[in-house]
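Below is one structure; the comments refer to it alone.
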Amino acid sequence: MASVPKIEVGSDYKEKYGFFVPEDYIFKAKRGLNEEIVKEISWMKGEPEWMTKFRLRSLEIFRKKPMPNWGADLSVIDFENIFYYLKASDKQSKTWEELPPDIKATYDRLGVPEAERKFLAGVSAQYESEVVYHSLQENLSKQGVIFLDTDSALREHPELFKEYFGTVIPPADNKFSALNSAVWSGGSFIYVPKGVRVEVPLQAYFRINAENMGQFERTLIICDEGSFVHYIEGCTAPIYTTDSLHSAVVEIIVKKGARCRYTTIQNWSTNVFNLVTKRAMAYADATMEWVDGNLGSQITMKYPSVYLMEPGAKGDVLSVAFAGKGQHQDAGGKMIHVAPNTTSTITSKSISKGGGRTSYRGHIKIYPGANNCKSFVKCDALLLDDDSRSDTYPYNDVDAENVTLGHEATVSKVSDEQLFYLMSRGIARAEAETMIVNGFIEPFTKELPLEYAVELNRLIQLEMEGSVG
Amino acid sequence: MADFEIKDLRASVEGRQILKGVSLGISKGEVHAVMGPNGSGKSTLSHTLMGHPGYTVDGGSVMFKGQNVLDLETDERARLGMFLALQYPVVVPGISMANFLRTALNSKRGYDGKDKSKMVTPKEFRSLLKGELDVLHMDDSFLPRYINDGFSGGEKKRAEILQMAILKPEIAILDETDSGLDIDSIKFVAEAVNRMRGPELGILIITHYTRVLEFIKPDYVHVLVDGKFVLSGGPEVAARLEKTGYAEWGKEEAAEPQGVA
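As given, the protein sequences belong to chains A and P, one line each in that order.
Okay, so the first sequence: first residue is 19 according to this note's numbering, each after it adds one.
Okay, so the second sequence: first residue is 87 according to this note's numbering, each after it adds one.
Quick look at the structure:
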């Protein structure tokens, strides 16, 4: 660990992420949601007719779908008070220098250009509704790897796009997937050709800057046979007194023998509602891994899922949730075993502090005929005080034979014995507590690239210092 | 006055008084042994001295470097120069021994993440570790392991002594460091402790059995029964206990392990 990047201890979220730059938009749709606004978004983007129709149909579905009556309390969301589309720049940049100064300053402060230089194969930066910066290493594009923002992909690869778009998560899946389908903008589109392994991660960085903004990015990843890609997304927003909404849809197709890893470090400010639908289809001997870290937001509802479509498919969810004061992290995972001889694991680690609430919500479904499947779920919750809360809601439906299904759940507190032990070596209480928490999520952290692991540990430290909650 | 002066220390656990007035002076350069049968208050003494939250101080004082350490937090006591090798070292998953040792050493040196001149450099840390690992017959493979996680009894105790060697305390309390160890492990541990003996270190060995005292020769031996010292003297006290156990205080317990190695 001699080469750990410099960590700035003591700065807080507000300094690092909580700033905002004055709004200066090329285009800002009116508040609220109706056909006109949806048409306007589609027209602004110059979309083909099928997409405009898709959006309008999705809006209808959104209106008809009831709000979820389970999970977190969403009644406070005022859909009429949200800006559904904001455009801050009139063109996408290939270099940081070309970015408009205010946007460039934002990403400079977040350290994105530095990360790109260091270890990323490609990076995309979304500011409000639109992707403002994009790059991909030349050798990857030569191998046929496509990494674009989703709007550009619709223009540049219309057939590939249409073949897969909306096939994993149809608009009617749930109210928020319908909303996203109506007003989506930006997100990442990745295609990895047969047998191509992208050894360095691709990254996207999502940023909400304006107040009452809704961000609805749409991501579509296709891993062709025998390929590999690791995609990482990070999210932040400034702190406003009123709420913002983030409602993404992520669709992934992992073909025969391919592997996809999707890593999220979500650190929205604590007035963002984060309601995201993420789903992957894994085919024969394919592997899908969701590595999902939720630290920020007021409410998160997110259950990355894998549909195990053919024998040998494997699904993994590894998630960490940290809920401080006023936060509710309702997270988990779903594994849908459609084919026999498929395996899945869900490992969930949650930390609640200062009255924060975490819930694990999981669903393991094994269809008739999907025999010889294995699934294992492990949920560990750590409570840092008596005001905090953690719940587990596991749902299992097994309709097949010879199935191995395991579920293990623990709830613990930072023990006096552990604290005493670390403190007896001269380590101050706050630092000792942070160490114990970081140790608790270490199975998650060790799956991250080093830079992200360091950043995550630092964020945990800030949360522990109470500077955020 | 001794460098480390325990005076009339009284302490209780869950409302029950265990220490009923313990006084003991330890100066640097000395090795004291506290021996006692089960339930005599040995662990209460060690934990109270280090400030474990489960032990309540009912009276008395412990003066060290001009301060009553009973007024200090556990970490402050450690940074002042106290060390406790636990009888049952605690497992802390997810934190490597290397990270733990480095963090502890940085804390001891007053590094708070800002003044880099106080931080232990990787090079210094490695060379420091190397020497001590050899003495304890340990190797590098132990460093990436989580704190005490999956350690054998012997590994745990050796790891405690390694921490002591790295942190270089002025007053070290070894709480039943010999319990559960085979004879080879006791020898390694004793060798490491003996190497640290010197004018800058005062040691308090807490033990039920005399065996460890064959390897770490004490200057003074105190017998603790029912929360009070009933006998204090030189090494001859240990010899006497070896023969008669704790019978003369009405405790039918031997001071040597019976039929176990």
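The beta carbon of each residue, even a glycine, is placed where N, CA and C say it ideally should be.
Keep in mind it's a predicted model, so treat the numbers as computed, not measured.
Using a Cβ-Cβ cut-off of less than 9 Å, give me the residues of the stretch 430 to 453 of chain A that come near chain P, in sequence order.
Listed by position along the chain: S433, D434, E435, Q436, L437, F438, Y439, L440, M441, S442, R443, G444, I445, A446, R447, E449, A450 and M453.
Under three-state DSSP, which class holds P/M282?
Note: P/M282 maps to helix in three-state DSSP.
What's the call for A/M482, buried or exposed, on a 16-neighbour Cβ count within 10 Å?
When all chains shown are included, A/M482 counts as buried.
Pick helix, strand or coil for P/S203, following the three-state DSSP scheme.
In this structure, P/S203 counts as helix in the three-state DSSP scheme.
When we look at the beta-carbon of P/I269 and count the other beta-carbons within 10 Å, is it buried (16 or more) or exposed?
P/I269 should be labelled exposed.
If you draw a straight line from the alpha carbon of A/G64 to that of P/K209, how long is it in whole angstroms?
Using only the alpha carbons, I get a separation of about 60 Å.
Residues in its own chain within less than 6 Å of A/Y145 by CB, not counting five upstream and five downstream?
Closer than 6 Å at the Cβ level, and outside the excluded window around A/Y145, lie A106, I121 and R225.
Between the Cα of A/G333 and the Cα atoms of A/S93, A/M453, A/V356 and A/L400, which residue gives the shortest distance?
It is A/V356 whose Cα lies nearest to the Cα of A/G333.
Indicate the three-state DSSP secondary structure (helix, strand or coil) for P/Y174 in the structure shown.
In this structure, P/Y174 counts as coil in the three-state DSSP scheme.
Determine whether the Cβ of A/N390 lies closer than 8 Å to any Cβ atom of chain P.
Chain P contact via Cβ: absent.
To the nearest angstrom, report how far apart P/G122 and P/A341 are at their CA atoms.
Each residue's alpha carbon lies about 8 Å from the other.
Closer than 7 Å by C-beta to P/P321: which residues in its own chain qualify, once you throw out the five before and the five after it? Chain order, please.
So the qualifying residues of the chain are K303, P304 and V307.
Tell me whether P/P255 is buried or exposed, calling it buried when 16 or more other Cβ atoms sit within 10 Å of its Cβ.
Result: buried.
Measuring only the C-alpha atoms, how far is A/N289 from A/D348?
About 15 Å.
Rounded to whole angstroms, what is the Cα-Cα separation between A/A47 and A/R73?
Whole-angstrom Cα-Cα distance: 16 Å.
Would you mind working out which of P/Q153, P/K243 and P/S126 sits nearest P/A276, comparing C-alpha positions?
When each option's Cα is compared against that of P/A276, the closest is P/K243.
For chain P, check one thing: does any of its Cβ atoms lie closer than 8 Å to the Cβ of A/L466?
So no, A/L466 is outside the interface.
Along chain A, in chain order, which residues have C-beta atoms closer than 8 Å to that of P/V178?
Simply Q436, Y439, L440, M453, I454 and G457.
Please report how far the alpha carbon of A/E115 lies from the alpha carbon of A/S430, in whole angstroms.
Rounded to whole angstroms, A/E115 to A/S430 spans 49 Å at the Cα level.
From P/D311 to P/W335, what does the alpha carbon distance come to, in whole angstroms?
Checking the sequence, you will find Val at residue 311 of chain P rather than Asp. Roughly 7 Å between the two C-alpha positions.
Is any heavy atom of the ligand SAM found at a distance shorter than 7 Å from the C-beta of P/H223?
Ligands are entirely absent from the displayed structure, and the ligand SAM is therefore not among its contents.
Starting from P/D220, follow the alpha helix (DSSP H) in both directions and report where the run begins and ends.
From DSSP, the alpha helix (DSSP H) with P/D220 extends over P208 to V221.
Output the distance between the C-alpha atoms of A/S315 and A/S287, rounded to the nearest integer angstrom.
So the alpha carbons of these two residues sit roughly 5 Å apart.
Between P/F228 and chain A, is any beta-carbon pair separated by less than 8 Å?
Judged by the 8 Å Cβ criterion, P/F228 is not in contact with chain A.
Does the Cβ of P/E262 have 16 or more other Cβ atoms within 10 Å, making it buried, or fewer, making it exposed?
It counts as buried.
Please list, in chain order, the chain A residues whose beta carbon lies closer than 8 Å to that of P/M136.
Result: F438 and S442.
Grouping DSSP H, G and I as helix and E and B as strand, with all else coil, what is A/V472?
Looking at A/V472 - three-state DSSP - the assignment turns out to be helix.
Would you tell me roughly how many angstroms separate the C-alpha atoms of P/K329 and P/I257, rounded to the nearest one?
Going from the Cα of P/K329 to the Cα of P/I257 covers about 30 Å.
Would you kindly work out how many angstroms separate the C-alpha atoms of P/L191 and A/T281, rounded to a whole number?
Their backbone Cα atoms lie some 34 Å apart in a straight line.
So, using beta-carbon positions, are A/I55 and A/Y102 closer together than 8 Å?
The answer is yes: Cβ separation under 8 Å.
In angstroms, rounded to a whole number, what distance separates the CA positions of P/A171 and P/M250?
C-alpha separation (whole angstroms): 8 Å.
Note the first and the last residue of the continuous beta strand (DSSP E) segment covering A/D334.
Unbroken beta strand (DSSP E) run through A/D334: K332 to A341.
Indicate the three-state DSSP secondary structure (helix, strand or coil) for P/E342 in the structure shown.
Note: P/E342 maps to coil in three-state DSSP.
Cβ of A/K343 within 8 Å of Cβ of A/G373?
In this structure, A/G373 lies closer than 8 Å to A/K343 by Cβ.
Using the rule of at least 16 other Cβ atoms within 10 Å of the residue's Cβ for burial, across every protein chain shown, is P/P175 buried or exposed?
Buried, by the Cβ-count rule.
Counting beta carbon pairs with one atom in the stretch 105 to 115 of chain P and one in the stretch 466 to 483 of chain A, are three or more of them shorter than 8 Å?
The stretch 466 to 483 of chain A is not in contact with the stretch 105 to 115 of chain P.
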